[in-house]
Every structure is written in structure tokens, then in C-alpha cells.
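If you use numbering that gives the first Met the number 0, the sequence shown corresponds to residues 0 to 519, in order.
Glycine residues also receive a C-beta, built at the ideal position from the N, C-alpha and C atoms.
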Amino acid sequence: MIRMAKGKVFLIGAGPGDPGLITVKGKEATSAAGVVIYDYLVNPALLKYANEQAELIHVGKSGAFHTLEQDEINNLLVDKARAGWTVARLKGGDPFIFGRGGEEALALAAEGLEFEVIPGVSSAYAAPAYGGIPVTHRGMATSVSFITGHEDPTKEESEIDWQALAHLKGTLVFLMGVKNLGLISKRLTEAGKSGATPAAVIRWGTTASQETVKGTLSDISDKVKAAGLKPPAITVIGQVVNLSDDLAWFTKKPLFGKRVVVTRARSQASALSAKLAALGAEAIEFATIKIVPPTNFEALDLAISSITNSKLPSPDSKPAFDWIVFTSANGVKAFMERLNHLGTDLRDLSGIKIAAIGPATAGELGMHNLKADLIPTEFVAEAVAQALKSEGVSGANILIPRAEEARDVLITELEAAGAKVTVAPVYKTVIDGAGGERARAMLAKGEVDFITFTSSSTVKNFAKSFKGNNTGELLKGVKIASIGPITSSAAKELGLKVDIEAKEYTIDGLVEAICSYEAK
């Protein structure tokens with residue numbers, strides 16, 4: 000990471016919990032930082048945007064536990080900026096709405112250090128929105144007030160004008176006020192607010208853990224205690240609360256409240272995570288595999304060289320291979336990267352037919368302006384072999400760029416049919432482990448509903464990452480979802496029970512299978 004003579008601090012609003020609610024600018028600043036300092040309320044999923052070499056520092060600050068006091072956080076920001084680092088200070092919600100961002104900015108300004116504020120989506124209005132409560136609504140609430148529910152305890156008397164608040168016709172939103180909810184209700188009613196005024200408390204708004212308790216100003220405190228709601232939560236008071244019965248949308252999603260561990264490689268996890276999040280689930284990314292170059296490129300370079308040489312002007316020139324068979328999107332990507340690295344381009348592939356194991360692989364080919372000539376009806380190696388044999392492969396030269404370690408069934412069947420098969424490793428999978436600490440902790444607490452496996456290697460590396468632990472015990476109560484029979488077989492070999500198997504062996508098929516299971 001590059002360090003400058005004098006650093007800069009970005010005070011970033013990380014949003015209310017849903018990782019999709021961070022701003023584009025906040026995401027970009029996080030990716031560019033050499034140091035990322037984050038709060039208790041920041042969704043750990045946002046840390047995936049940090050540079051792999053960045054230093055990650057958790058500073059806590061929940062209601063019950065402080066990793067660092069505020070002055071210590073201020074000093075930490077100053078020290079890191081003085082040392083020349085670009086610092087991303089991720090703060091839950093918006094840094095300037097009860098986020099103490101002003102204090103941190105003043106500390107930096109006092110030292111003459113550069114800083115920038117990147118506003119964020121505040122839970123003050125996002126949590127109600129996810130609960131179906133618009134904080135303003137025509138004819139019902141033409142104003143909204145944000146009030147702290149937890150004033151500085153060192154104050155001799157409250158600075159809140161309860162009389163003024165009680166007589167406002169708009170919506171009142173109290174942040175950090177669960178512990179003081181009884182006192183808040185009492186102060187408002189004593190000041191003239193009707194005890195029949197609708198009220199709602201929303202805990203962990205915008206996340207899969209979102210809970211809402213509704214009542215009136217006179218009984219909301221008792222209802223919250225009975226429900227056992229704890230911080231973090233916000234309180235909404237006003238007529239707009241009644242709209243939630245009609246406008247609730249988030250909690251109606253098919254996978255709302257479910258937590259799903261995604262074991263794909265970091266570079267691929269986002270697609271599956273986004274599909275799950277769109278259905279209301281919380282995706283916990285645990286990258287059990289990492290795609291890296293093969294041990295050597297000898298076989299691949301030799302194959303590419305033969306393709307190139309076969310294009311040289313010659314009376315009897317013909318393509319070096321009749322078919323190139325891609326068994327994964329990773330194989331396509333790695334093959335194309337090597338092709339470019341060697342100074343070759345797609346024109347050298349003319350005359351060669353291309354087979355793809357399934358639509359995801361065909362889609363990656365399309366990204367490189369290539370179209371698959373053959374896609375089997377089932378997306379497994381056996382089906383690819385059968386489809387190729389029906390094309391007639393006796394005497395054909397076939398190139399298979401694939402993972403360094405993979406099943407040999409495709410090779411065996413094609414060679415038995417009379418084909419000459421060249422296998423060229425284009426990548427290999429190794430254990431990554433990114434996100435493993437969070438996933439392990441959640442599994443140990445029984446906070447995970449599903450775990451997804453999208454390949455045999457994700458299953459095997461998942462088991463390896465828990466070496467020394469009882470994997471079966473950790474997965475007790477967790478439903479295992481597999482992308483297809485080959486992956487399921489790998490899971491069963493390791494003693495894992497597969498509860499869900501996709502009918503179509505794709506990411507969309509896997510998500511659909513989870514939804515169908517949950518619907519039942």
C-alpha cells in the first residue's frame with residue numbers, strides 16, 4: 000500500500016445495516032484506503048470492499064461494550080493520518096446524524112489533517128422505510144424530527160424541549176432510546192402528547208434480523224420489554240406508523256430473516272449474494288476457495304502454440320483442435336487471459352468448435368464475444384461427453400482447459416469414443432478463508448439457516464477449513480444446499496447431509512431450490 004507524507008481521513012457513512020445501502024463514493028473510498036477503521040454497527044460484509052493489504056481495525060462502541068473510547072478513536076485517526084495513510088473511517092448510518100463524526104472531524108481539523116465527509120443513509124429514515132413506515136406522508140406528517148434517545152449522561156439537565164416535541168404534528172424518531180423508552184413516553188405524555196399516538200420500535204432495521212414492535216405511546220415500552228427487544232433500535236412516534244400494515248414490503252420477501260453462508264470464491268460470491276439479498280436473506284460470504292494460476296502453464300502454452308502455428312499459411316493447414324471444451328466459467332476466463340498474455344487473439348480460434356458445460360460458462364464465453372456451439376441439457380461432465388459423442392468425435396482432437404484438479408470422467412469417455420484429448424490446466428483452487436471468522440462464529444451460535452455449495456472444491460475446502468473441529472456439529476440445524484449431484488456427492492463423501500439440490504445446476508437454479516424449500 001502507498002503511504003504519503005501526510006494522510007487523509009474519509010469519514011464514511013456505512014449505512015444502516017443493509018450492505019447495499021452504502022454509497023458508491025463510500026465504497027470507492029473504502030477500496031482505496033490503506034487503513035479501515037469500523038464501528039460495531041457497520042455490516043462486516045462491507046469489509047470485502049477493502050484492499051486485501053489494508054489494515055482493518057474494529058473500534059467497537061456498542062451500548063454495552065466499547066473497544067475504544069471516543070477520545071482514543073480520535074487519536075487513532077490522527078495517528079494513522081499523520082503516518083501518511085489514507086484512512087476509511089466506516090461509521091454506521093450517517094457520520095453527522097448522531098454518529099459523533101463531528102467530534103472526529105474536529106480532532107483532525109485541530110491537527111491540520113485533511114479529511115472528507117461522505118454522507119450515508121441513516122437508520123433514522125431507512126429503518127422505518129424497511130418497516131413500511133414513511134417518516135413523512137401527505138396529509139399525515141409534513142415534518143420529521145430526529146432526537147437522541149440517549150443524551151450525554153454528564154449533562155445536568157435535558158436539552159430536549161419536550162413541550163415543543165409533544166405539540167409537533169409531524170413524526171418523531173428517537174435514536175438509541177430503547178433503554179429510556181419508558182422515560183421518553185412519560186415525558187411526551189406529561190407534556191401533552193396523546194397516549195394513543197401510534198408508536199413502533201424497529202430493531203436492526205434493513206437487515207435480516209429486523210424486528211418491529213408496534214403499539215401506542217402509552218404501551219410501547221411494556222410491549223418492547225415483553226418482546227425482549229434490545230439495542231440497536233429506533234423508535235418512531237406518529238400517525239405514519241399505521242401505514243405499515245399496508246406498506247410493509249421487506250418482511251414479505253420469500254427469504255426474509257434467513258442467513259445464508261456463501262462459500263464461492265470472493266470474485267464470484269457477489270452474484271449469488273446479491274440474488275439472495277434481493278429475496279430478503281442475509282448473505283454471509285465465506286470464501287472457501289481462491290482461483291489462482293496453475294502450478295505451471297506448460298501444457299496450456301503448448302496447446303495455444305499449436306493453435307497459433309496451425310494458422311500459418313500452408314496448403315494443408317487445419318485447426319490444431321476440432322473442439323475446445325470449457326467446463327467452467329473460471330476456465331474460460333483463465334484461458335482468455337493466457338491467450339492475451341501470449342499475444343494471441345480470438346482470430347486464431349476460427350474453425351474450432353466450442354462446447355460449454357452450462358449457461359454460466361456460455362455466458363462467460365459471450366463476455367469474450369464467443370458463442371458456444373454445444374451446451375448439454377444437463378450441466379455435468381457426463382452430459383457434455385454424451386453430447387459430444389452424439390456429434391461424432393472419433394479421431395477428433397479435443398482440448399480441455401480446466402482446473403488442475405478435476406474429475407477425469409469427461410476425458411475417459413471421450414477417449415473411449417476414439418477422441419484424442421489434450422488436458423491443459425488453466426487454474427487451480429486453493430483455500431482462501433476470507434470471511435471465515437465471522438461464518439464460524441455465526442455457525443457456533445446457531446445463527447445460520449442455510450449454507451450453499453457451488454462446486455466440489457467449495458465443499459472440500461470448507462471441510463478443510465474446519466480441521467480439528469466437528470463440522471457435523473457446527474452444521475447442526477443448518478440446511479445444506481447444493482448446486483447439483485456432483486457437488487452433493489462430494490458433500491456426502493464428507494459425511495454431510497444435503498437437504499436441497501438444484502434441479503437446474505446453475506446459481507439461479509440453486510436460489511430457486513432454496514426458495515422452494517423455504518416455501519414448503
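Between the C-alpha atoms of residue i and residue j, what's the straight-line distance to the nearest angstrom?
i, j, result
"ASP431", "SER193", "57 Å"
"ALA232", "ILE506", "34 Å"
"THR85", "ILE117", "14 Å"
"VAL260", "PHE285", "7 Å"
"LEU75", "GLN69", "10 Å"
"ALA82", "ALA108", "16 Å"
"ASN50", "LYS185", "49 Å"
"LEU171", "VAL235", "6 Å"
"SER309", "GLN385", "28 Å"
"LEU112", "LEU20", "28 Å"
"PHE452", "SER389", "31 Å"
"PRO375", "ALA415", "19 Å"
"HIS166", "GLY191", "7 Å"
"MET3", "ALA53", "15 Å"
"SER487", "GLY494", "11 Å"
"GLU336", "LYS491", "35 Å"
"ILE146", "LEU174", "6 Å"
"ARG88", "ALA195", "42 Å"
"GLY98", "ALA462", "41 Å"
"GLU103", "ILE36", "12 Å"
"ASP160", "ASP17", "33 Å"
"LEU164", "GLY279", "35 Å"
"MET366", "GLU71", "49 Å"
"ALA13", "ILE290", "29 Å"
"LEU474", "LEU442", "7 Å"
"LYS502", "ALA277", "21 Å"
"PHE114", "TYR48", "20 Å"
"VAL8", "ALA80", "7 Å"
"ASP498", "ILE450", "10 Å"
"ASP300", "PRO358", "27 Å"
"ASN460", "VAL77", "41 Å"
"ALA371", "ALA128", "45 Å"
"LYS332", "ALA438", "29 Å"
"TYR504", "CYS514", "15 Å"
What whole-angstrom Cβ distance do residue i and residue j have, given they're in contact under 8 Å?
i, j, result
"LEU409", "THR326", "7 Å"
"ARG258", "ILE288", "21 Å between Cβ atoms; not a contact."
"GLY131", "LEU242", "7 Å"
"ILE306", "ASP347", "5 Å"
"GLU150", "SER157", "6 Å"
"LEU45", "THR29", "7 Å"
"GLY237", "GLY148", "With a Cβ gap of about 15 Å, GLY237 and GLY148 do not count as contacting."
"VAL392", "LEU413", "6 Å"
"VAL240", "ALA199", "5 Å"
"ALA518", "ALA480", "In fact, because the Cβ distance is near 14 Å, the residues do not count as touching under 8 Å."
"PRO583", "PRO253", "Residue numbering for the chain in the displayed model covers 0 to 519; residue 583 lies beyond these limits and cannot be assessed."
"LEU398", "ALA302", "5 Å"
"THR22", "GLY119", "7 Å"
Looking at residue j and residue i, is the spacing between their C-beta atoms short of 7 Å?
i, j, result
"PRO400", "THR205", "no"
"GLY91", "LEU40", "yes"
"LEU373", "ALA361", "no"
"PRO318", "GLY350", "yes"
"LYS427", "GLU446", "no"
"THR211", "THR457", "no"
"GLY181", "SER122", "no"
"LEU509", "ILE482", "yes"
"ALA537", "SER455", "Only positions 0 to 519 of the chain appear in this structure, which leaves residue 537 out of reach."
"GLU320", "ASN396", "Checking the displayed sequence, the identity of residue 320 turns out to be Phe instead of Glu. Yes, the Cβ-Cβ distance between PHE320 and ASN396 is below 7 Å."
"GLY214", "LYS224", "no"
"ALA126", "ILE201", "yes"
Let me check one thing: in DSSP terms, what residues is residue i bridge-paired to?
i, result
"ALA195", "Per DSSP, none; premise fails for ALA195."
"PHE452", "SER481"
"ARG202", "GLU210, ALA232"
"ILE36", "ILE56, ARG88"
"VAL420", "ILE397"
"ILE11", "LEU89, ILE117"
"TYR426", "ALA402"
"PHE173", "ILE146, THR234"
"THR22", "The partner list for THR22 (beta bridge, DSSP) is empty, contrary to what the question assumes."
"LYS289", "VAL429"
Kindly provide the ranges of any beta strand (DSSP E) runs that are 3 or more residues long and lie completely inside the stretch 299 to 376, ordered along the chain.
Along the stretch 299 to 376, the beta strand (DSSP E) occurs as fully enclosed runs of 3 or more residues at 322 to 325, 352 to 355, listed in sequence order.
Segments of 3+ residues assigned as beta strand (DSSP E) that fall wholly inside the stretch 221 to 286:
DSSP assignment within the stretch 221 to 286 yields the following whole beta strand (DSSP E) runs of 3 residues or more, N-terminal first: 232 to 236, 258 to 261, 281 to 284.
Where are the beta strand (DSSP E) runs, 3 residues long or more, that stay fully inside the stretch 107 to 167, in chain order?
Within the stretch 107 to 167, the complete beta strand (DSSP E) segments of 3 residues or longer fall at 113 to 117, 143 to 147, listed in chain order.
Just to confirm the assignment: which complete alpha helix (DSSP H) runs, minimum length 4, are found wholly within the stretch 481 to 509?
The DSSP assignment places 484 to 492 as complete runs of the alpha helix (DSSP H) inside the stretch 481 to 509, in order along the chain (cut-off: 4 residues).
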